[in-house]
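Asks:
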Amino acid sequence: NDLTLKDRIIKKLSDLGIEISTAYQKPVHHIIDLGYDKNEFPNTVFLTDHLITLPAHPSLKTEDIDFVIEEIKKCFL
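In this text, residue positions in the sequence shown follow this note's numbering: the first is 61, and each later residue adds one.
#1: Go to residue 130, then tell me how far its alpha helix (DSSP H) extends in each direction, as first and last residue.
#2: With residue 82 and residue 111 assumed to form a contact (beta carbons below 8 Å), what rounded beta-carbon distance in angstroms separates them?
#3: Looking only at its own chain, which residues have a Cβ that is under 6 Å from the Cβ of residue 109, when we skip the five neighbours before and after it?
#4: Counting C-beta neighbours from all protein chains within 10 Å, is the total for residue 50 16 or more, i.e. buried, or is it exposed?
#5: Looking only at C-alpha atoms, which of 125, 136 and 133 sits nearest to residue 79?
Printed below as a string of structure tokens:
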């Protein structure tokens with residue numbers, strides 16, 4: 061499988077109709093010239109490459125959260 065773990069999670073949840081976001085496509089210092097080298101801030105680059113935003117709002121029930129967790133766990137197999 062050529063998909064990264066992040067891509068597998070995004071695909072799985074999207075296929076289930078669960079809205080998620082990747083939040084940031086690139087670190088800010090890669091988009092706007094802030095005077096920093098693109099190799100600076102490796103942790104920021106790592107987080108940008110791995111971060112997804114899961115649904116989080118007051119109307120989510122415990123069962124909904126448990127379902128999302130279980131579906132994400134399946135992506136690790």
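In this text, a Cβ means the ideal position worked out from N, Cα and C, and glycines have one as well.
Replies: According to the structure data:
#1: Start and end: 122-134.
#2: 7 Å
#3: No residues qualify anywhere along the chain.
#4: Residue coverage of the chain in this structure runs from 61 to 137, which leaves residue 50 outside it and unanswerable.
#5: 125
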